[in-house]
Amino acid sequence: MHIIIAGGCGFIGSNFVKMVVAKRPAWRVTVVDALTYAGNLANLADTGLDLAHAFAKGNISDNGFVERLFGGFPEPPECVVNFAAESHVDRSILGPRAFIETNILGAFNLLERVRLAGRGRFVQISTDEVYGSLGDEGKFTELTPLDPSSPYSASKASADLLVQAHHRTFGVDTVITRCSNNYGPYQFPEKLIPLMTINAMQGKELPVYGAGRNVRDWIHAEDHCRGILMAIERGRSGEVYNFGGESEMANIQIVERIADAVTGGRDLIRFVKDRPGHDWRYAMDITKVRDEMGWSPAVTFDDGLRATVEWYKEHRNWWQPILTGEYLTFYDQWYNNR
Ligand code: NAD
Ligand code: DAU
Numbered sequence: 066m067h068i069i070i071a072g073g074c075g076f077i078g079s080n081f082v083k084m085v086v087a088k089r090p091a092w093r094v095t096v097v098d099a100l101t102y103a104g105n106l107a108n109l110a111d112t113g114l115d116l117a118h119a120f121a122k123g124n125i126s127d128n129g130f131v132e133r134l135f136g137g138f139p140e141p142p143e144c145v146v147n148f149a150a151e152s153h154v155d156r157s158i159l160g161p162r163a164f165i166e167t168n169i170l171g172a173f174n175l176l177e178r179v180r181l182a183g184r185g186r187f188v189q190i191s192t193d194e195v196y197g198s199l200g201d202e203g204k205f206t207e208l209t210p211l212d213p214s215s216p217y218s219a220s221k222a223s224a225d226l227l228v229q230a231h232h233r234t235f236g237v238d239t240v241i242t243r244c245s246n247n248y249g250p251y252q253f254p255e256k257l258i259p260l261m262t263i264n265a266m267q268g269k270e271l272p273v274y275g276a277g278r279n280v281r282d283w284i285h286a287e288d289h290c291r292g293i294l295m296a297i298e299r300g301r302s303g304e305v306y307n308f309g310g311e312s313e314m315a316n317i318q319i320v321e322r323i324a325d326a327v328t329g330g331r332d333l334i335r336f337v338k339d340r341p342g343h344d345w346r347y348a349m350d351i352t353k354v355r356d357e358m359g360w361s362p363a364v365t366f367d368d369g370l371r372a373t374v375e376w377y378k379e380h381r382n383w384w385q386p387i388l389t390g391e392y393l394t395f396y397d398q399w400y401n402n403r
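Letter by letter, the sequence shown follows residues 66 to 403 in my numbering.
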């Protein structure tokens, strides 16, 4: 089995690469990644992979690159799993173009390679955000209509539709996974949990959007990756599978817990200007993966959050180099100048 893991140097992708190397040692792994601000080869340092052979640096929105990459394999890969994306909603508000190029065109380029090869499974890593926003009640099922709110989620929904079209029109063997908010080690500091943890460690303000009442469903990346492996091996062709942590929390509850754990107080919390188009609530109905694959989340939010905060405390050498030029510019633009 030869698996291409696009976006394997990012947060979830690198956790997935580690899981595959550990659980499927016979598989040949090729990681493809452009190493954008969010991609870091150091995330794969402890995988034992020979990166000189198992890593290809390149941009999936560059079809020439994708064509050359696939042309270089003696046989088409059995599986292409696509984690590669611009993934931060706030950045998609500041500058949507990269989201269209990577999340739509990039996904299409990979999908086309699988179609033209005439074999192999294409697995698209999508998100609950494609369904839009929930009120205080209800959950998203796989049949909930797509209704995205941000340029990020619109680009992810677009890719999902292309995947569906390639399955229906060309018979490409596809699976789409849609997951709720991930947390865990190696998450880029721009996202809620690492941002609040690192800011608290540095004595900086903790910027909570609006009143902090928006709700997200949190899942540990390890649980998500275990689900993706199941979807690759056991998912039915053409299907969509929802994954979620069954752990809904208002943002302020999380920020208070992090503040308590890191500083022992809540003085640093600030309520700031809301995100435009801010989805109110996400919640996933995971009946389908539970029934078809026997999957359910194993890491409780209490344990997972505690371990994650500890991980950031113990891995300053991972995040300190990231908090440099590009990140500081984004931070200033988003938090201080809009
Ligand atoms: P991330 O931003 O941490 O990582 C994205 C990776 O993709 C990086 O390594 C980056 O270098 C790479 N990349 C970006 N543009 C590329 C391009 N044009 N060509 C090649 N590589 C490129 O993202 P993440 O949080 O790990 O998310 C991974 C995937 O999972 C995304 O598709 C995202 O939409 C989806 N997802 C994320 C979450 C979440 O909570 N983080 C939840 C559900 C689904
Ligand atoms: O739901 C899955 C999605 O989860 C993924 O598809 C995205 O790639 C991922 O980034 C994440 O999107 P969110 O927008 O939900 O995650 P984020 O960590 O940016 O924000 C979580 C919540 O916290 C959201 O309601 C906005 C709020 N927030 C976030 C930041 C960064 C704040 O209040 N303050 C902040 O500084």
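For each residue, glycine too, the CB sits at the ideal point set by N, CA and C.
Rounded to whole angstroms, the Cβ separation of Asn-246 and Arg-281 is 4 angstroms, and the two are in contact under 8 angstroms. Beta-bridge analysis with DSSP links Leu-199 to Arg-346.
Under the three-state reduction of DSSP, Leu-388 is assigned to coil, being neither helix nor strand. Taken atom to atom, the span from the alpha-carbon of Leu-260 to that of Arg-299 is near 35 angstroms. In the DSSP assignment, Tyr-377 falls within the unbroken alpha helix (DSSP H) covering 366-379. Cβ atoms of Ile-190 and Asn-147 come within 8 angstroms of each other, at about 6 angstroms. The beta carbon of Ala-296 sits closer than 7 angstroms to the beta carbons of Val-188, Val-240, Thr-242, Tyr-306 from its chain, once the five residues preceding and following it are set aside; these are given in chain order.
Remark: three or more beta-carbon pairs, one from each stretch, lie closer than 8 angstroms, so the region 87-107 and the region 142-161 are flagged as touching. Not a single heavy atom of the ligand NAD lies less than 7 angstroms from the C-beta of Ala-276.
For Arg-278, the CB contacts under 6 angstroms within the same chain, skipping 5 residues up- and downstream, are Ala-315 in chain order. Distances from the CB of Val-97 to the heavy atoms of the ligand NAD include at least one below 7 angstroms. Listed by position in the chain, the residues whose beta carbon lies within less than 6 angstroms of some heavy atom of the ligand DAU are Ser-152, His-153, Val-154, Thr-192, Asp-193, Glu-194, Ser-245, Asn-246, Lys-256, Leu-257, Leu-260, Pro-272, Val-273, Tyr-274, Asn-279, Arg-281, Asn-316, Arg-340, Tyr-347. Each residue's CA atom was taken as its position, placing Leu-159 and Arg-184 some 39 angstroms apart. In the three-state scheme derived from DSSP, where H, G and I count as helix and E and B as strand, Ala-363 is classed as coil. If you check the C-beta of Ser-312 against the ligand NAD, you find no heavy atom less than 7 angstroms away. The region 77-96 and the region 371-381 do not touch, with fewer than 3 CB-CB distances between them shorter than 8 angstroms.
Note on the region 269-322: whole alpha helix (DSSP H) runs with a minimum of 4 residues are 286-299, in chain order. Take Val-85, set aside five residues on each side of it, and the residues of its chain with a beta-carbon closer than 8 angstroms to its own are Ile-68, Ile-70, Trp-92, Val-94, Leu-294, in chain order.
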